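Visitor: This is the structure I want to talk about, given as C-alpha coordinates.
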Amino acid sequence: TKYKEVLFDFDYLKAPEHHEDKIERSADLLELSDGLKEEYLTVFKRYFTLFEHLVQYHEDLSQITQDLQKGAYIQSTIDGLLQDREGKQLILEAFSMLGVMLLLLDKEIPAKQRQIVIVSTYRYVGTADIPNFEAICSLCANTAYQGQGQGQAFGVQKMPKGYPASLFARMPIPKEFVSKIVMRLLSEDFYNQLVYFSLEGNHRS
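Each residue of the sequence shown is one higher than the last, beginning at 8 in this note's numbering.
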(Lines of atoms letter the chains of each structure in order from A; the text may use other names.)
(Lines give C-alpha, C1' and ligand atoms only; values in the text may rest on other atoms or scores of the structure.)
Protein backbone atom coordinates (compact mmCIF):
# COMPACT_ATOMS: atom_id res chain seq x y z
CA THR A 8 0.00 0.00 0.00
CA LYS A 9 1.21 3.51 -0.74
CA TYR A 10 0.44 4.52 2.85
CA LYS A 11 2.68 1.90 4.43
CA GLU A 12 5.08 4.46 5.89
CA VAL A 13 2.30 6.22 7.84
CA LEU A 14 0.42 3.13 9.01
CA PHE A 15 1.48 2.10 12.52
CA ASP A 16 0.82 -0.73 14.94
CA PHE A 17 1.02 -0.48 18.73
CA ASP A 18 4.77 0.18 18.61
CA TYR A 19 3.80 3.75 17.70
CA LEU A 20 2.23 4.24 21.13
CA LYS A 21 5.58 3.62 22.84
CA ALA A 22 7.03 6.81 21.34
CA PRO A 23 4.41 8.78 19.38
CA GLU A 24 6.50 11.96 19.39
CA HIS A 25 9.33 10.19 17.58
CA HIS A 26 7.06 9.05 14.76
CA GLU A 27 5.28 12.39 14.46
CA ASP A 28 8.58 14.28 14.34
CA LYS A 29 9.73 12.03 11.53
CA ILE A 30 6.54 12.75 9.59
CA GLU A 31 6.72 16.49 10.24
CA ARG A 32 10.27 16.65 8.87
CA SER A 33 9.31 15.04 5.57
CA ALA A 34 7.07 16.72 3.01
CA ASP A 35 6.40 13.35 1.38
CA LEU A 36 5.34 11.73 4.65
CA LEU A 37 3.16 14.72 5.52
CA GLU A 38 1.41 14.41 2.19
CA LEU A 39 0.91 10.68 2.73
CA SER A 40 -0.43 11.25 6.24
CA ASP A 41 -2.89 13.89 5.04
CA GLY A 42 -3.97 11.64 2.18
CA LEU A 43 -4.52 8.72 4.54
CA LYS A 44 -6.67 10.87 6.80
CA GLU A 45 -8.76 12.22 3.95
CA GLU A 46 -9.30 8.85 2.29
CA TYR A 47 -9.68 6.45 5.22
CA LEU A 48 -10.55 8.31 8.43
CA THR A 49 -14.25 7.51 8.03
CA VAL A 50 -13.40 3.81 7.69
CA PHE A 51 -11.10 3.93 10.72
CA LYS A 52 -13.87 5.52 12.78
CA ARG A 53 -16.35 2.81 11.81
CA TYR A 54 -14.03 0.03 12.89
CA PHE A 55 -13.06 1.89 16.04
CA THR A 56 -16.74 2.26 16.92
CA LEU A 57 -17.08 -1.52 16.59
CA PHE A 58 -14.23 -2.05 19.07
CA GLU A 59 -15.63 0.60 21.39
CA HIS A 60 -19.10 -0.96 21.42
CA LEU A 61 -17.68 -4.40 22.16
CA VAL A 62 -15.83 -3.02 25.17
CA GLN A 63 -18.99 -1.20 26.26
CA TYR A 64 -21.03 -4.41 25.94
CA HIS A 65 -18.62 -6.16 28.30
CA GLU A 66 -18.67 -3.26 30.75
CA ASP A 67 -22.47 -3.21 30.81
CA LEU A 68 -22.64 -6.99 31.23
CA SER A 69 -20.08 -6.85 34.04
CA GLN A 70 -22.05 -4.10 35.79
CA ILE A 71 -25.27 -6.11 35.63
CA THR A 72 -23.42 -9.15 36.98
CA GLN A 73 -22.00 -7.14 39.89
CA ASP A 74 -25.40 -5.64 40.65
CA LEU A 75 -26.99 -9.09 40.73
CA GLN A 76 -24.29 -10.36 43.06
CA LYS A 77 -24.74 -7.37 45.39
CA GLY A 78 -28.53 -7.70 45.43
CA ALA A 79 -29.11 -4.33 43.78
CA TYR A 80 -32.32 -5.56 42.16
CA ILE A 81 -35.01 -6.24 44.75
CA GLN A 82 -36.80 -8.99 42.84
CA SER A 83 -33.86 -10.39 40.86
CA THR A 84 -30.90 -12.49 41.94
CA ILE A 85 -28.54 -14.74 40.01
CA ASP A 86 -30.15 -17.89 41.37
CA GLY A 87 -33.62 -16.49 40.80
CA LEU A 88 -32.92 -15.70 37.15
CA LEU A 89 -31.41 -19.14 36.62
CA GLN A 90 -34.62 -20.70 37.93
CA ASP A 91 -36.74 -18.75 35.45
CA ARG A 92 -36.97 -20.27 31.95
CA GLU A 93 -36.66 -16.99 30.06
CA GLY A 94 -34.24 -15.53 32.59
CA LYS A 95 -31.70 -18.32 32.27
CA GLN A 96 -31.98 -18.24 28.49
CA LEU A 97 -31.29 -14.50 28.51
CA ILE A 98 -28.25 -14.86 30.77
CA LEU A 99 -26.83 -17.70 28.71
CA GLU A 100 -27.30 -15.82 25.44
CA ALA A 101 -25.83 -12.59 26.83
CA PHE A 102 -22.59 -14.30 27.85
CA SER A 103 -22.48 -16.50 24.76
CA MET A 104 -22.81 -13.40 22.59
CA LEU A 105 -19.74 -11.88 24.23
CA GLY A 106 -17.69 -14.97 23.43
CA VAL A 107 -18.95 -15.14 19.86
CA MET A 108 -18.13 -11.47 19.24
CA LEU A 109 -14.60 -11.91 20.58
CA LEU A 110 -13.95 -14.94 18.39
CA LEU A 111 -15.37 -13.27 15.30
CA LEU A 112 -13.31 -10.16 15.93
CA ASP A 113 -10.10 -12.16 16.12
CA LYS A 114 -11.03 -14.30 13.12
CA GLU A 115 -12.22 -11.62 10.73
CA ILE A 116 -10.02 -8.63 11.62
CA PRO A 117 -6.34 -9.57 12.11
CA ALA A 118 -4.49 -7.97 15.01
CA LYS A 119 -2.27 -5.92 12.71
CA GLN A 120 -5.31 -4.30 11.09
CA ARG A 121 -6.99 -3.71 14.45
CA GLN A 122 -3.91 -1.93 15.71
CA ILE A 123 -3.64 0.21 12.58
CA VAL A 124 -7.25 1.31 13.08
CA ILE A 125 -6.64 2.23 16.71
CA VAL A 126 -3.38 4.08 16.12
CA SER A 127 -4.78 5.95 13.13
CA THR A 128 -7.81 7.00 15.17
CA TYR A 129 -5.46 8.07 17.96
CA ARG A 130 -3.40 10.17 15.55
CA TYR A 131 -6.24 11.89 13.75
CA VAL A 132 -8.95 12.12 16.40
CA GLY A 133 -7.23 11.89 19.79
CA THR A 134 -8.43 10.14 22.93
CA ALA A 135 -9.95 12.99 24.94
CA ASP A 136 -13.47 11.65 24.40
CA ILE A 137 -12.54 7.95 24.64
CA PRO A 138 -12.45 7.02 28.36
CA ASN A 139 -12.02 3.31 27.61
CA PHE A 140 -9.10 3.69 25.19
CA GLU A 141 -6.81 1.41 27.20
CA ALA A 142 -9.46 -1.31 27.33
CA ILE A 143 -9.88 -1.05 23.55
CA CYS A 144 -6.12 -1.43 23.09
CA SER A 145 -6.11 -4.48 25.35
CA LEU A 146 -8.97 -6.02 23.38
CA CYS A 147 -7.21 -5.52 20.06
CA ALA A 148 -3.72 -6.65 21.03
CA ASN A 149 -2.18 -9.55 19.15
CA THR A 150 -3.32 -13.06 20.13
CA ALA A 151 -0.95 -14.90 17.73
CA TYR A 152 -4.01 -16.52 16.15
CA GLN A 153 -3.84 -16.63 12.35
CA GLY A 154 -7.39 -16.37 11.12
CA GLN A 155 -9.22 -15.17 8.05
CA GLY A 156 -6.79 -12.36 7.42
CA GLN A 157 -3.98 -14.88 6.92
CA GLY A 158 -6.00 -16.95 4.48
CA GLN A 159 -6.55 -19.69 7.04
CA ALA A 160 -9.74 -21.44 8.06
CA PHE A 161 -10.87 -21.08 11.66
CA GLY A 162 -9.44 -24.38 12.84
CA VAL A 163 -7.78 -25.94 15.85
CA GLN A 164 -4.48 -26.36 14.02
CA LYS A 165 -3.88 -22.60 14.00
CA MET A 166 -4.84 -21.87 17.60
CA PRO A 167 -2.00 -20.72 19.88
CA LYS A 168 -1.49 -22.45 23.21
CA GLY A 169 -4.12 -21.41 25.73
CA TYR A 170 -6.42 -19.99 23.05
CA PRO A 171 -9.25 -18.94 23.15
CA ALA A 172 -9.16 -18.79 26.97
CA SER A 173 -6.47 -16.10 26.77
CA LEU A 174 -8.73 -14.05 24.49
CA PHE A 175 -11.74 -14.39 26.79
CA ALA A 176 -9.56 -13.38 29.75
CA ARG A 177 -9.29 -9.89 28.25
CA MET A 178 -12.95 -9.41 29.13
CA PRO A 179 -13.36 -11.41 32.34
CA ILE A 180 -16.61 -12.44 33.96
CA PRO A 181 -16.74 -13.52 37.65
CA LYS A 182 -15.88 -17.24 37.83
CA GLU A 183 -18.65 -17.92 40.33
CA PHE A 184 -21.21 -16.56 37.88
CA VAL A 185 -19.82 -18.59 34.99
CA SER A 186 -19.71 -21.76 37.11
CA LYS A 187 -23.39 -21.46 37.93
CA ILE A 188 -24.28 -21.09 34.26
CA VAL A 189 -22.14 -24.08 33.28
CA MET A 190 -23.68 -26.24 36.01
CA ARG A 191 -27.14 -25.33 34.76
CA LEU A 192 -26.13 -26.17 31.20
CA LEU A 193 -24.94 -29.60 32.30
CA SER A 194 -28.06 -30.41 34.26
CA GLU A 195 -30.96 -28.60 32.59
CA ASP A 196 -32.74 -28.31 29.26
CA PHE A 197 -32.54 -24.58 28.53
CA TYR A 198 -34.54 -24.68 25.29
CA ASN A 199 -36.81 -27.69 25.84
CA GLN A 200 -34.74 -29.76 23.41
CA LEU A 201 -34.13 -32.77 25.66
CA VAL A 202 -35.30 -35.12 22.93
CA TYR A 203 -32.12 -34.29 20.99
CA PHE A 204 -29.78 -34.99 23.92
CA SER A 205 -28.56 -38.15 25.54
CA LEU A 206 -30.26 -38.75 28.88
CA GLU A 207 -26.82 -39.03 30.47
CA GLY A 208 -25.47 -35.62 31.39
CA ASN A 209 -21.85 -36.49 30.64
CA HIS A 210 -22.73 -36.99 26.97
CA ARG A 211 -24.10 -33.48 26.56
CA SER A 212 -22.10 -30.76 24.89
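Note that the Cβ used here is the ideal one computed from N, Cα and C, for glycine as well. Because the structure is a prediction, the values reported are computed rather than measured.
On a Cα-Cα basis, can you pick out the residue from ILE143, GLN73, TYR170 and TYR10 that is closest to GLU3?
Guide: Nothing can be reported for residue 3, as the shown portion of the chain is limited to 8 through 212.
Visitor: What is the DSSP secondary structure of ILE180, reduced to helix, strand or coil?
Guide: DSSP places ILE180 in coil when its eight states are reduced to three.
Visitor: When you compare only the Cα positions, how much space is there between VAL185 and ASP41?
Guide: Rounded to the nearest whole angstrom, the C-alpha separation of VAL185 and ASP41 is 47 Å.
Visitor: Whose C-beta lies closer than 7 Å to the C-beta of ILE30 among residues of the same chain, with five residues either side of it excluded?
Guide: The beta carbon of ILE30 sits closer than 7 Å to the beta carbons of VAL13, LEU36, LEU37 and SER40 from its chain, once the five residues preceding and following it are set aside; these are given in chain order.
Visitor: Assuming PRO171 contacts LEU110 under a Cβ cut-off of 8 Å, what Cβ separation, rounded to an integer in Å, is found between them?
Guide: 6 Å
Visitor: Assuming TYR10 and LEU43 form a contact by the criterion Cβ under 8 Å, report the distance between their Cβ atoms to the nearest whole angstrom.
Guide: 5 Å
Visitor: Short of 8 Å in beta carbon distance, which residues of its chain neighbour THR84, apart from the five on each side in sequence? Order them along the chain.
Guide: Only LEU75 and GLY78 meet the Cβ criterion.
Visitor: Near LEU89, what residues of its chain come up, given a Cβ to Cβ distance below 8 Å and the 5 sequence neighbours on each side ignored?
Guide: LYS95, ILE98, LYS187, ILE188 and ARG191
Visitor: Could you name the residues of the same chain whose beta carbon sits closer than 7 Å to that of GLU195, not counting the 5 residues immediately before and after it, in chain order?
Guide: Cβ neighbours of GLU195 beyond the five flanking positions: none.
Visitor: PHE15 and HIS26: beta carbons closer than 8 Å?
Guide: yes
Visitor: Measure the C-alpha to C-alpha separation of GLU100 and LEU20 and round it to an integer number of angstroms.
Guide: 36 Å
Visitor: Quick one, which of LEU146, GLY169, ALA151 and PHE51 has its alpha-carbon nearest LEU105's?
Guide: LEU146
Visitor: What are the start and end residues of the alpha helix (DSSP H) that includes MET108?
Guide: Its alpha helix (DSSP H) spans residues 92 to 115.
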